[in-house]
Structure formats: C-alpha cells, structure tokens
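Here is the structure we will look at.
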C-alpha cells in the first residue's frame with residue numbers, strides 16, 4: 001500500500017526497511033508483510049533506545065508446533081539447571 005492509498009498492491013508491493021506511521025494529527029496505517037518459513041520467535045523492534053524503553057517492540061511466534069523439531073534445545077541448555085540448582089543459595 002502506498003502512502004495516501006487504501007489499495008494493496010499484491011503484484012509488486014513496495015519494499016522498505018523504514019516506515020512512517022504519520023503524526024498524531026495525521027496518522028496512517030502500516031502493514032508488515034513477511035514470509036512465514038522459519039519457525040521460532042522473531043523480535044521486531046526499532047533501533048531507537050527510548051522507543052524500546054517505551055515498549056515499541058513485539059515478538060512474532062511463528063509455527064509454534066514445529067519449533068522443537070526444527071530447533072531442538074541443545075543438551076548444554078538442559079545441563080544448566082542442575083548446575084544452577086547445585087550452587088549454594090547465596091550464589092543464586
């Protein structure tokens with residue numbers, strides 16, 4: 001969708017790495033479109049620190065049922081809990 005238009009262009013959509021959502025007086029809509037071909041959590045965020053502090057970020061969870069089979073938890077991760085649990089409580 002181009003600025004000022006309410007029609008989607010599915011044949012040759014605009015591709016950008018930045019986007020403006022307008023101003024408080026003249027707001028606009030933003031559509032984010034991406035292929036869902038890589039299972040797992042994906043963090044979408046802005047690189048402006050005060051935006052992150054204000055919560056302007058989101059995690060997309062793609063293909064949740066297949067995450068464990070596509071990206072299994074390494075044994076080293078499973079080994080961390082017993083190691084941590086064996087520590088003296090003052091070291092937690």
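In full-length UniProt numbering, the protein residues as written are 1 to 92.
In this text, a Cβ means the ideal position worked out from N, Cα and C, and glycines have one as well.
From a predicted model like this one, the values you see are computed outputs, not experimental measurements.
query                                                                                                  : result
Residues near residue 30 in its chain [Cβ-Cβ closer than 8 Å; skip 5 each side]                        : 19 and 21
Sequence-distant residues of its chain with Cβ nearer than 7 Å to residue 52 (five each side left out) : 45 and 46
8 Å Cβ cutoff met for residue 41 and residue 59                                                        : yes
Residue 43 beta carbon less than 8 Å from that of residue 57                                           : yes
Residue 39 beta carbon less than 8 Å from that of residue 63                                           : yes
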